[in-house]
Amino acid sequence: MPVNSSGTIFRKYGFASIVVWTVVIVALAAMAVKNDHREIQQKAEEEARDYFRLNLHYRAWAAKMGGLYVPAGKAAPNPYLKVPNRDITSSDGQKLTLVNPAYMTRMVFDSIPVSYPSPVISRITSLKPLNPTNAPDAWERQSLLAFEGGESRERSEIASIDGSPYLRFISAFITETPCLTCHADQGYQAGDVRGALVISVSLAKRLEEQEGKDRNTVGRYLMLWMLGTAGIAVSARRRFEDTAQLTASEQKFRTVCDWTQDWEYWLGPDGDIRYMSPSCRDITGYTREQFLDEPDLLVRVVHPDFREQFRKLHATRDVEPDQPAGMLEMQITTSRGESRWIQHLSRPIFEKQLFLGRRVSNRDITRQKQDTDKIRFNESRLVTLLGILQYPAETVQGFLDNALEEAIRLTGSKIGYLGYYDEESRRFTISSWSGEAMSECELSNQQTVCSLDQSGLWGEAVRQRRAVVVNDYASPGPLKRGLPDGHARLDRFMTIPVFSGEKVVAVVGMANKGSDYDDTDVLQLTLLMESVWKSVESRRAEQNLLESKERFSAAFNSAPLMMTVSSLEDGTYIEVNQRFLDAAEWSREEVIGRRSVELGWITDTQRAQLKEKMLRQGRIQDHELTLHARSGRPVLCKLWMETITVAGVRGLLTIALDITEHRMVEQQFLQAQKMESVGQLAGGVAHDFNNMLSVILGHAEMGLLEEQVVESQRKHLEAILDAANRSASITRQLLTFARRQNVVPMVIDLNETVSGMLKMLARLIGEEINLVWAPGQEVARVNVDPSQIDQLMANLCVNARDAIGGVGSITIRTGNVRLAGELFDPASGVAPGSYVMLSVSDTGQGMTQEVMQHIFEPFYTTKDLGKGTGLGLATVFGIVKQNQGEIKVESEPGGGTTFRIYLPAIAAQAADRVGGEALCRRGSETILVVEDEVWVREMVSEMLLSLGYRVLVASTAEEAMSVTVRLDRQPQLLVTDVIMPKMNGRDLSRQLVALNPKLKTLFMSGYTSDVIARHGVINEAVHFLPKPFTLPILAAKVREVLDAAVD
C-alpha cells in the first residue's frame, strides 16, 4: 500500500479520532452554554415563585381580616365588589369604602418603588373574572384549564413583552373559606381553582451578562480542543507506526493460522478483530466474514454462563506487559444451536511496552469433555457398585435395601423404590422403599402387591420393556392414573426394568432429582442394577446351595488306588487307606475326624464343584482334579465318587488314581506335536498366501494413488487394503505362534505398539478384569520385532489373568529408566545405560520365593495339568535376552505380581533416521525384478515405476541373465525372489554380481524363515524383504539398499 495515500495519512494522524474529539468538544461547549441558560431561567422562575408566595400570603391575610375600609376619596369604590356594607360612613361622618384583598394587593404592589427599568409585571386572571380586565389570554386560558384538570399547579414560558424577553410564570389560586365572601356568588367552593397570578420577570439584563460568560466558555473549550487535537495526532502517529509493525508481524503468521485446525483470531488494542482463521466455521458454524461484519458475534457465541469471564479475559484497559496468558474452558453455541466446549487461550501482545492487542486460540475439546464426563459417571457407578458389593448384608433383602439407597445417591434423587415382577402372574411385589420415601408417605394402608393391569405410570417400564422418564410429573398425561392421598409428592420420575436374560424380574423407580433426568441417568441406573441383580442371583444361588447341602458317607477298600470314606453329615473322614495317606503325606491319626479342606487336600472351590456335579449326576466318574499334599505338592487325580450307606449312615466313597506323571508326559508330547503341526501348516501356506496378499496390497495401494478414483471406488479399495493388512497380520501371528516367523527388528514406538494390542488383550483376559493402561510420557523408541512385543504381552497378561482367577486388575506401564546404581545388576549381562521399561502388574495371588526361582525354566508351571505348557515365561525370557534386555519380577503371596522388562532405548537421532525411512522415497536408478509369479512380478514392477525407477523384469534366472548381458546400461539393483525353478535367487545374485561387482541385491520371499535359511539368505549381511509388503515398505527398503555402501 502506498505510504502517501490519503487513506494512510488519514489513519496515520488520527483524523477520525480528531473528528470525534471535535464533536465531543462542540457537544460539551453547547451543553455548558445550554446549562447556563437553563440556570438563568431557573433563577427567574424562583424569583417569580417568591413573588407569588409573597402576594399569596398578603392576600390570604387580607381575606382573613375581611378586607380593609379606606377613605372613599383615596380609593374609588370597587364597582365589581357587590357585598353588603361595601360603602359606610364613620361615626365622625367620613365616607369609607371596602377594598377587597385583590384590589388592595394590587394597589400596594403598584405603590412599591422600582429601582431598575424592567420591573416585575403581575396580574390576576381567571376563567370567571369579576373584572373584565382580568380575562386570560390564550396561554393563560390553557394553563387555567390544566390547573382545573389537576394536571399541575404552575407553569412557565419564555415570551416577548414590548420587544423584551420575559419569563412568564403562572401559578393557581386555590379558593379558601375567607375568599367565599367575594366569590361565593360565582359558584366557587373551598378548594376550587378560581384563578391564577401571572408574574412576568425580565430576562434582558441577565441574558446580556450571560453573553460574556458564553464567550469565555467557548474560548476555554476551543483551547481544550486544540490541545486534545495535538495529542491525538501525536498518539495516532505513534499507534499507526506500532500497528504497521504489528501488521507486518501478523502477516508472517497469517498463512500458518489459516491452516490450523484450532480457531485463531487476533484483536487490536481496542478489541477490534484484526484476523479470523477460516477454521472458525468448523467450530462455530459461522464464517470469517460473519465475525468481521458482526464483531459482537464473538460474545454472542459464548454461553451466557461464561460471558462475564470471557469479557474480563478480553479487557483492553489496565493490561500490564508482564500479564500472563489467560485460559478458560467454556461452552459456545454454534450457528446450528449445538453446544460445544472449547479451550480458550488469550495472550496479550506488547511491543516496546505498548499494548498492541491479543492473540486468541480456541481448541475444540467437546469430545474430551464428553469422554471425561463418561469416565466420571462410570467411575461413580463403579465406586457405588463396589460399595454395594462390599456391604455386609446378612440377607438378600438387606442387600437390596442398601443397593436402593446407593442408586438414589448415584442419580441425585430424593426417593425411590424397588419391586419384584413375576411375568407369569403379571404381578408386582414392592420389596424396598427408600427411607426418605417412607418418611414422606402418609398412606394408612401401603399396598405392596399390585397387578400389571392395575399399575399406572410406574408399570410402563414393564409394558414398554424400556426406561420411562417424566420430568414434569404435574402435567397431565394419558399414562398417569393419579396418586392416592398421602402419597409422597412427585416432581420428576424415572423407572427402569431389570432383566434376567429376556425376562423382566424387577422394576426400580427414582423420583425428585434436583434437575431433569436424562439418558445418562437411565444408562447409569440400568448398568448399576444389572450388576446388582447378578449379585442378587449369585447370593440366592449360594444360599440355595448352602441350604440344599447333604452329608454323604463313603466306602473304603484296600486296593492300591486312593480310597476314602467321609461323612455326609459333616464331611470329616471316617476311613482312609494307606495309599491315600502316602499320597497326602498325613498320618491316619491326623486325618480321621478332619475334613479334606482342613488338610489342604482340596480347596473350597473344588469341593463346591464336586458337590454340584454329584447333585446333578448322582455320581462322579473319570473326573480329573488337582489335589495338594501336605507339602504343597500337586497331585493330579482321576476321581470316582458315589454315595453309600454304612451302618445306616450315608457317606461318600471316593476313589482316586494318581495320574500326575502320566499326564505330564502326555501333555509335553501333545504340546510338541501341536506346535509341530501348526508350524507345518503355517509354513505350508505362507508362501502362496503371502504372494497373493502382496498382489492385493499392491493393487489396492496403487489404486488409491490414482487421482481419478471416485469416492465410492476409494471406499472399496480402502476396504480391500484393510482386509489384506488384517490377513497379513494374521499370517504373521500364526507364524509367530508356530515360531517360524522371520524376526525383523525395527525401531518402534512402544506406546503405539502396546496401544494397538489393548482391545485384543481385553478380550483375552475377560470382562471381570480391569485392564489399566498407563503409558509414560515421551518414551524412547526400541529396536524390536513388533510380533515379539505381541508375544510378550499376550503371555504376561494370560499369566496375570490366571493368577487373578476372578475380579481384579492388570496394569500396563511404560517409561524411560536408566540402569545404574541400585537398578543395575552386573550379573544380568546387560550394559548400564538408558532403557525403556515395560511393566505388567496384577492383583493376583502372587508367588513364593521358591516358585520365582523356577518361573523362567522351560516346562515349569504351577497351573493345573492341561492348563499350561510351562513355555510362556520361558518364551518371554528368551525374547528379552534376544533383544539385549533384562526382566525382573516382584511378587509375594497374596500381594500380586509385577514383571518389569527393560529394553535398550534407541537414541533420538537413530530413531528419527529409521523412522524417516517409512516415507515413500523415490529414485531414478535402474532395477531388475526377477519373480516367477506373474502377478507378483507385475505388481512389484508397477510399484517401482510409480516411484520413478527404470524397471526391467524377468520371470526366471535364465531370462534375467539374458537381459543383463544385452544391456548397455547395467542395473544398479537386483530385486529377486529367493526360491525359483532351476536356479534360486542366491545363485542368480552371485552370477550377476560376478558380471557387475557394483550390483546390489534385495531378496524377497513369502516362505517361512526355516525354508529361506536353507537357501543362504537369512543373515545380517544380506538385504531381505519378507512378503507381503506395502508400497512405503518397498520404497524404504529399496532406498536403504541403494544408499548402502558396497562391500
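Everything in the sequence shown is counted per this note's numbering, starting at 7 for the first residue and increasing by one.
From the three backbone atoms N, C-alpha and C, an ideal C-beta is built for every residue, glycine too.
Model, not experiment: these values are computed from the prediction.
**Q.** Closest Cα partner of V886 within the set S793, Q623, H634
**A.** Within the sequence shown, numbered from 1, the residue matching residue 886 stands at position 880. Closest option to V886, Cα to Cα, is S793.
Q: Compare the Cα-Cα distances from E344 to each of V308, P330, M945, R317 and report the closest residue.
A: For the purposes of this step, residue 344 is identified with residue 338 of the sequence shown, where counting begins at 1. The shortest C-alpha to C-alpha distance from E344 to any of V308, P330, M945, R317 is the one to V308.
Q. Hey, V402 and R546: beta-carbon distance below 8 Å or not?
A. By one-based count along the sequence shown, residue 402 stands at place 396. By one-based count along the sequence shown, residue 546 stands at place 540. Yes.
Q. Using DSSP with H/G/I as helix, E/B as strand and the rest coil, what is G636?
A. Stepping through the sequence shown from its first residue, residue 636 is reached at position 630. Just to set this straight, residue 636 is Arg in the shown sequence, not Gly. In this structure, R636 counts as coil in the three-state DSSP scheme.
Q.
Given this structure, state the Cα-to-Cα distance separating V940 from R720, to the nearest angstrom.
A. Start at 1 with the first residue of the sequence shown, and residue 940 comes out as number 934. Start at 1 with the first residue of the sequence shown, and residue 720 comes out as number 714. The alpha-carbon atoms of V940 and R720 are separated by roughly 26 Å.
Q) For V571, is the classification buried or exposed, using 16 other Cβ atoms within 10 angstroms of its Cβ as the cut-off for buried? A) Taking the first residue of the sequence shown as 1, we reach residue 571 at position 565. By the 10 Å Cβ count, V571 comes out buried.
Q | 8 Å contact criterion, which L633 and I608 should meet: CB distance rounded | A | Position 627 of the sequence shown, counting from 1, holds the residue named residue 633. Position 602 of the sequence shown, counting from 1, holds the residue named residue 608. About 6 Å; that satisfies the 8 Å criterion.
**Q.** Alpha carbon of C447 to alpha carbon of E508, nearest angstrom
**A.** On the sequence shown, position 441 is the one that residue 447 refers to. On the sequence shown, position 502 is the one that residue 508 refers to. Cα to Cα, the separation comes out at about 34 Å.
Q: Under 6 Å Cβ to Cβ from L567, same chain only, skipping five residues before and after it: list those, please.
A: By one-based count along the sequence shown, residue 567 stands at place 561. Result list for L567: I661, L663, in chain order.
Q. Among all the DSSP beta bridges, which residues are the ones paired with S283?
A. Working through the sequence shown from its first residue, we reach residue 283 at position 277. Answer is none; S283 lacks a bridge partner.
Q. Excluding sequence positions up to five away, which residues of its chain have a Cβ less than 6 Å from the Cβ of G782?
A. The residue you call residue 782 lines up with position 776 of the sequence shown. Taking G782 as the centre and dropping the five residues before and after it, the same chain places the C-beta of T820, G821 closer than 6 Å to its C-beta, in chain order.
**Q.** Residue range of the unbroken beta strand (DSSP E) whose run includes K765
**A.** Numbered from its first residue, the sequence shown carries residue 765 at position 759. First-last for K765: 756 to 771, but that is the alpha helix (DSSP H), not the beta strand (DSSP E).
(Q) Nearest by alpha-carbon distance to L186: which of D198, A178, F175 is it? (A) Here residue 186 refers to the residue found at position 180 when the sequence shown is read from its first residue. Nearest C-alpha to L186: D198.
Q. If you draw a straight line from the alpha carbon of A966 to that of D938, how long is it in whole angstroms?
A. In the sequence shown, counting from the first residue as 1, residue 966 sits at position 960. In the sequence shown, counting from the first residue as 1, residue 938 sits at position 932. C-alpha separation (whole angstroms): 11 Å.
Q: Measure the CB-CB distance between G929 and R1045 and report whether it falls below 8 Å.
A: If you number the sequence shown from 1, residue 929 lands on position 923. If you number the sequence shown from 1, residue 1045 lands on position 1039. Yes; because the gap between Cβ atoms is below 8 Å, this pair is in contact.
Q | V468 vs V510 beta-carbon contact at 8 Å | A | For the purposes of this step, residue 468 is taken as the residue at position 462 of the sequence shown. For the purposes of this step, residue 510 is taken as the residue at position 504 of the sequence shown. Contact: yes.
Q: Go to A512, then tell me how far its beta strand (DSSP E) extends in each direction, as first and last residue.
A: In the sequence shown, counting from the first residue as 1, residue 512 sits at position 506. Looking at the DSSP string, the run of the beta strand (DSSP E) that includes A512 is 509 to 517.
Q: Answer with buried or exposed for I893, where buried requires no fewer than 16 other C-beta atoms within 10 angstroms of its C-beta.
A: Within the sequence shown, the letter at position 887 stands for residue 893. Its Cβ being crowded by 16 or more others within 10 Å, I893 is buried.
Q | Helix, strand or coil at M967 according to DSSP, with G and I counted as helix | A | Within the sequence shown, the letter at position 961 stands for residue 967. The answer is helix: DSSP assigns M967 an H, G or I state.
Q) Apart from the five residues just before and just after R432, which ones in its own chain have a Cβ nearer than 8 Å to its Cβ? A) In the sequence shown, the residue the question calls residue 432 occupies position 426. Closer than 8 Å at the Cβ level, and outside the excluded window around R432, lie S457, L458, D459.
Q) For the beta strand (DSSP E) that V882 lies in, which residues bound it at each end? A) The count along the sequence shown starts at 1 and reaches residue 882 at position 876. Run containing V882: none in the beta strand (DSSP E); it sits in the alpha helix (DSSP H), 878 to 888.
Q. In chain order, what residues of the same chain lie with their CB nearer than 6 Å to the CB of T249, ignoring the 5 residues before and after it?
A. To locate residue 249, count along the sequence shown from 1; it is residue 243. Hits under 6 Å: none found.
Q: Label N583 either buried or exposed according to how many other C-beta atoms from any shown protein chain fall within 10 Å of its C-beta, with 16 as the threshold for buried.
A: To locate residue 583, count along the sequence shown from 1; it is residue 577. Around the beta carbon of N583, 16 or more other beta carbons sit within 10 angstroms, so the residue counts as buried.
(Q) Strictly under 8 Å for the Cβ-Cβ distance: is M858 near chain D by that measure? (A) The structure shown contains no chain D; it holds only a single protein chain.
Q) Measuring CB to CB, does T970 end up less than 8 Å from Q976? A) Counted from its first residue, the sequence shown places residue 970 at position 964. Counted from its first residue, the sequence shown places residue 976 at position 970. Contact: yes.
**Q.** When V804, L203, I167 are compared against R159, the one with the closest alpha-carbon
**A.** Start at 1 with the first residue of the sequence shown, and residue 159 comes out as number 153. With distances taken between Cα atoms, R159 lies closest to L203.
Q. Counting pairs of Cβ atoms below 8 Å between the segment 946 to 961 and the segment 900 to 907, do you hit three or more?
A. no
Q: Counting only runs of 4+ residues fully inside the segment 391 to 441, write out the alpha helix (DSSP H) ranges in chain order.
A: 402 to 417
Q. Rounded to a whole number of angstroms, what is the C-alpha to C-alpha distance between E466 and R769?
A. Within the sequence shown, residue 466 is the residue found at index 460, counting from 1. Within the sequence shown, residue 769 is the residue found at index 763, counting from 1. Each residue's alpha carbon lies about 37 Å from the other.
**Q.** Euclidean distance between Cα positions of V325 and D276
**A.** What you label residue 325 is simply residue 319 of the sequence shown in a count that begins at 1. What you label residue 276 is simply residue 270 of the sequence shown in a count that begins at 1. Rounded to whole angstroms, the gap between the alpha carbons of V325 and D276 is 12 Å.
Q) Roughly how far, in whole angstroms, is the beta-carbon of V474 from the beta-carbon of T501, given that I think they are within contact range, below 8 Å? A) The residue you call residue 474 lines up with position 468 of the sequence shown. The residue you call residue 501 lines up with position 495 of the sequence shown. So it is a contact: roughly 5 Å between Cβ atoms.
Q. Which residue from L574, I130, I580, G606 puts its Cα closest to that of A589?
A. The count along the sequence shown starts at 1 and reaches residue 589 at position 583. Checked all of L574, I130, I580, G606; the closest Cα to A589 is G606.
Q: Would you please state the rounded distance, in angstroms, between the beta carbons of V32 and L74? I believe it to be under 8 Å.
A: Position 26 of the sequence shown holds residue 32. Position 68 of the sequence shown holds residue 74. Wrong, their Cβ atoms sit about 59 Å apart, outside the cutoff.
Q | Inter-residue spacing [alpha-carbon to alpha-carbon] between V857 and N697 | A | Indexing the sequence shown from 1 puts residue 857 at position 851. Indexing the sequence shown from 1 puts residue 697 at position 691. Cα to Cα, the separation comes out at about 46 Å.
(Q) How far does the beta strand (DSSP E) with Q337 in it extend, from its first residue to its last? (A) Your numbering for residue 337 matches position 331 in the sequence shown. That run of the beta strand (DSSP E) goes 332 to 339.
**Q.** M568, enclosing alpha helix (DSSP H) - first and last residue
**A.** Counting from one through the sequence shown, the residue named residue 568 turns up at place 562. Note, M568: premise wrong, no alpha helix (DSSP H); beta strand (DSSP E) at 568 to 573.
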